[in-house]
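In this text, residue positions in the sequence shown follow the numbering used here: the first is 81, and each later residue adds one. Virtual Cβ for every residue (Gly too), placed ideally from N, Cα, C. Note that the structure is a prediction, hence the values are computed from the model and not measured.
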Amino acid sequence: NYLCIYRAVFIQSIESTDDFNKVTFHNLNKPLFWPTKFSVSGVYQVTAETFDIKDWHYYQYEKTKIEKGDILLDIGTAEGLFPLVVVDKCAHIYMIEPSQYFFKALQKTFEEDKEKTTIFNLAVGAKKDKVFFNEDSLDGQISSNGESNRSIDVETIDNLIGEKTITYLKADIEGFEYEMLQGAKETITRNRPKIAITSYHKQNDSREIISLIKSFVPEYNYFVKGIHGEEPKPVMIHFWI
């Protein structure tokens with residue numbers, strides 16, 4: 081299948097240890113560490129999304145490319161391939177990831193870039209809260225009841241980032257993008273960052289996300305791309321000034 085093609089083109093090797101798969105790439109001089117908890121097929125998926133400019137999940141649209149000196153806020157970092165690709169360009173990267181497995185993998189992946197990276201092991205939303213997180217789910221399922229297996233803190237972006245400067249906001253948080261944005265009004269209004277955000281998890285997410293961000297900063301331009309699912313939904317929205 082097409083994911084195997086991406087493996088052949090981009091992935092040099094995958095070496096397994098007790099806790100992590102060490103993934104090396106032909107076009108990247110830094111290894112990525114992927115939790116052995118999850119199937120390596122997930123690596124092929126994120127490789128396609130990160131390196132294929134034609135993939136609907138590709139973040140660096142012409143108007144939202146990472147540039148030298150950018151300060152990236154990566155919300156829903158997961159394995160961290162996107163920030164790993166751009167870490168040398170960025171002045172600093174803030175990563176937010178609720179999964180303990182991915183959090184530990186991120187710490188190992190960015191061990192040599194500690195000084196320019198900050199990793200938060202929590203969730204973000206419209207208000208400070210606590211939710212239950214399913215550590216067994218690759219997609220990072222969150223619920224308000226205890227059926228999932230770990231209680232985690234929820235913070236707002238505004239509280240978490242405070243007065244720090246952000247020039248690029250990237251987000252993929254499984255349908256909680258709108259709630260995250262509600263808690264990021266001050267950060268977005270003050271910084272006016274480039275934004276690349278997924279919008280396919282819920283039916284009307286794209287319209288609601290565009291309306292909310294434009295209410296923060298009316299000057300934003302935006303571009304919607306991709307089709308997902310049986311009821312077609314845009315995959316991603318890019319915003320820039």
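Quick check on residue i: does DSSP put it in helix, strand or coil?
{"i": "E95", "result": "strand"}
{"i": "A264", "result": "coil"}
{"i": "K148", "result": "coil"}
{"i": "P111", "result": "strand"}
{"i": "K102", "result": "strand"}
{"i": "Y174", "result": "strand"}
{"i": "A128", "result": "helix"}
{"i": "A203", "result": "strand"}
{"i": "Y86", "result": "helix"}
{"i": "I290", "result": "helix"}
{"i": "E259", "result": "helix"}
{"i": "I198", "result": "Per the sequence shown, the amino acid found at residue 198 is Thr instead of Ile. Correct three-state label for T198: strand."}
{"i": "R270", "result": "helix"}
{"i": "Y138", "result": "coil"}
{"i": "Y302", "result": "strand"}
{"i": "A251", "result": "strand"}
{"i": "L161", "result": "helix"}
{"i": "F118", "result": "coil"}
{"i": "V123", "result": "helix"}
{"i": "S217", "result": "coil"}
{"i": "S231", "result": "strand"}
{"i": "T245", "result": "coil"}
Give the single residue among the options whose Cα lies nearest to the Cα of residue i.
{"i": "Y138", "options": "E177, N101, V126", "result": "V126"}
{"i": "K250", "options": "K134, Q140, N239", "result": "Q140"}
{"i": "A128", "options": "F90, W320, E288, L164", "result": "F90"}
{"i": "Y280", "options": "T97, F131, W136", "result": "W136"}
{"i": "G156", "options": "P115, L202, K184, V165", "result": "L202"}
{"i": "V167", "options": "L186, K196, Y248, A185", "result": "K196"}
{"i": "Y235", "options": "L164, A264, F213", "result": "Here residue 235 turns out to be Glu, not Tyr, going by the sequence shown. Nearest of L164, A264, F213 to E235, Cα basis: A264."}
{"i": "T104", "options": "K117, V165, L153", "result": "V165"}
Return the CA-CA distance between residue i and residue j, expressed in angstroms with no decimal places.
{"i": "Y204", "j": "F182", "result": "For clarity, residue 204 is Val in the given sequence; the question names Tyr instead. Looking at the two C-alpha atoms, the distance is approximately 16 Å."}
{"i": "I277", "j": "F113", "result": "24 Å"}
{"i": "A88", "j": "F190", "result": "25 Å"}
{"i": "I246", "j": "S93", "result": "34 Å"}
{"i": "D132", "j": "A206", "result": "32 Å"}
{"i": "I237", "j": "I317", "result": "19 Å"}
{"i": "K294", "j": "V315", "result": "19 Å"}
{"i": "G255", "j": "N109", "result": "33 Å"}
{"i": "D285", "j": "L292", "result": "10 Å"}
{"i": "M260", "j": "E95", "result": "36 Å"}
{"i": "Y302", "j": "F319", "result": "4 Å"}
{"i": "F296", "j": "E177", "result": "25 Å"}
Within the 7 Å Cβ cut-off, does residue i reach chain D?
{"i": "D252", "result": "The chain inventory of the structure shown lacks chain D, comprising one protein chain alone."}
Would you say residue i touches the ligand ZN, meaning its beta carbon is less than 6 Å from a heavy atom?
{"i": "P115", "result": "Of ligands this structure carries none, so the ligand ZN is not represented either."}
What do you get for residue i, buried or exposed, if any count of 16 or more other CB atoms within 10 angstroms of its CB means buried?
{"i": "K274", "result": "buried"}
{"i": "I172", "result": "In the sequence under discussion, the amino acid at residue 172 is His, which differs from the Ile named in the question. So H172 counts as buried."}
{"i": "I253", "result": "buried"}
{"i": "P298", "result": "exposed"}
{"i": "C170", "result": "buried"}
{"i": "N271", "result": "buried"}
{"i": "I321", "result": "exposed"}
{"i": "T269", "result": "exposed"}
Check: Should the segment 139–157 be called in touch with the segment 116–123, which here means at least 3 C-beta pairs below 8 Å?
Finding: no
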